[in-house]
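Okay, structure first, notes after.
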Amino acid sequence: MDIRDTDQPVAASRAVTAQLIVYGTLLECAIGLIAVVAGWLLRLPLWEVVEWDLSALGAGALATVPMLLLLPIVRYMPGRVFRELRHLMTQMIAPLFRPATIGEMAMISCVAGIGEEAFFRGIVQRGLATLLGTPDDLARGDLATILAIFAAAVLFGLAHPLSRIYVILTAILGVYLGILFALTGNLVVPMVAHGLYDFVAVVYLARFWPSDRAVQEQQDQAE
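Last residue of the sequence shown: 224 (my numbering), numbering continuous.
Here you go:
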C-alpha cells in the first residue's frame, strides 16, 4: 500500500518500536551475513575492499553532509513530491521512531549502514562490475562501473518500498553511495556515510520533526 493512502499517523507504542528495532537489527545483520556468504561463493571476498582506517572514517563522515541536506529540503520545499515525502515522514517514520532511545537508533543505523552497503555495493555493484568488465575496472569510471552503480542503486531503492517517491529517493542515494565506493575502492566509506546519515535522519525525525498539524501549516504557508 502506498503511504499516501494513510490519513492518520501511525500510533507506535514503546513495545511496537522495540519490536521494530529488534527485527530491523536482525534483518540488517542477516543481509550482512548474506553478503559475506555470497562474497565467498562468488569469489568476491568483502575483506578485499574493507579497510578500517582514519582516512576512510573521515571521508565517510564528510560524505554524509550532502545527504543530510535532503532533510531541510524535504521539510521546507514546496511541490507535490516534497509534500508526499513530508506526509511519509509525518505519518509513518517519525511516529515509529519517537519511542526509541538514542542507543537503539544508533544500533539499527549502524547495522543498516554495514549490512546494506556490504550487500548492495560490496556484492551487487562489485559483482556486476566484475561480470561486465574486470575487477580492476571498478574505480576507473568505465561503462561497466556506471551500469553496476545504477543497477545496484535501483535494487537498493526497490528494497525500501515505503512509497514510489521514497523508492526513487533511496535509489538516488544509492547512486551517490555507489559513486563513493567506486571512487575510493573502500567499502568503509559508504558504510560510514550510510550509517551516519541514517542515525542523524532518524534522530531528527524522532526528536525534532514537527507534528502533523505543524507540517500542514507549513505547507499551507509555502503554497
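From the three backbone atoms N, C-alpha and C, an ideal C-beta is built for every residue, glycine too.
Here the structure is a predicted model, which is why all the values come from computation and not from measurement.
{"Check": "Would you say the stretch 145-157 touches the stretch 22-38, given that touching needs at least three Cβ pairs under 8 Å?", "Outcome": "no"}
{"Check": "Check whether the Cβ atoms of P191 and L178 sit closer than 8 Å, and answer yes or no.", "Outcome": "yes"}
{"Check": "Quick test of your reading: V176 and F200, contact by CB under 8 Å. State the CB separation rounded to the nearest angstrom.", "Outcome": "Actually they do not touch by this definition, with Cβ atoms about 21 Å apart."}
{"Check": "In three-state DSSP terms, what is M110?", "Outcome": "Looking at the sequence shown, residue 110 is not Met but Ser. Looking at S110 - three-state DSSP - the assignment turns out to be helix."}
{"Check": "Roughly how far, in whole angstroms, is the beta-carbon of G114 from the beta-carbon of H195, given that I think they are within contact range, below 8 Å?", "Outcome": "4 Å"}
{"Check": "Excluding sequence positions up to five away, which residues of its chain have a Cβ less than 7 Å from the Cβ of H149?", "Outcome": "The sequence shown places Ala at residue 149, rather than the His named in the question. Excluding positions up to five away in sequence, the list reads Q126, L129, A130 and L133."}
{"Check": "Between S110 and the rest of its own chain, which residues show a CB-CB distance below 7 Å, the 5 nearest in sequence each way excluded?", "Outcome": "G196, D199, F200 and V203"}
{"Check": "Are the CB atoms of V189 and E52 nearer to each other than 8 Å?", "Outcome": "yes"}
{"Check": "Considering only residues of the same chain and omitting the five flanking positions on each side of R15, which have a CB-CB separation below 7 Å?", "Outcome": "P100"}
{"Check": "Based on Cα-Cα distance, which residue from A119, L70 and L86 lies nearest to W41?", "Outcome": "A119"}
{"Check": "Find out if the Cβ-Cβ distance for the pair G1, I22 is shorter than 8 Å.", "Outcome": "Only positions 2 to 224 of the chain appear in this structure, which leaves residue 1 out of reach."}
{"Check": "Compute the Euclidean distance between the alpha carbons of L69 and F121, then round it to the nearest angstrom.", "Outcome": "21 Å"}
{"Check": "Contact check, M93 vs L163 under 8 Å by CB: the rounded distance?", "Outcome": "7 Å"}
{"Check": "Exposed or buried, T91, counting other C-beta atoms within 10 Å across all chains shown (16 or more means buried)?", "Outcome": "buried"}
{"Check": "Measure the CB-CB distance between R87 and R76 and report whether it falls below 8 Å.", "Outcome": "yes"}
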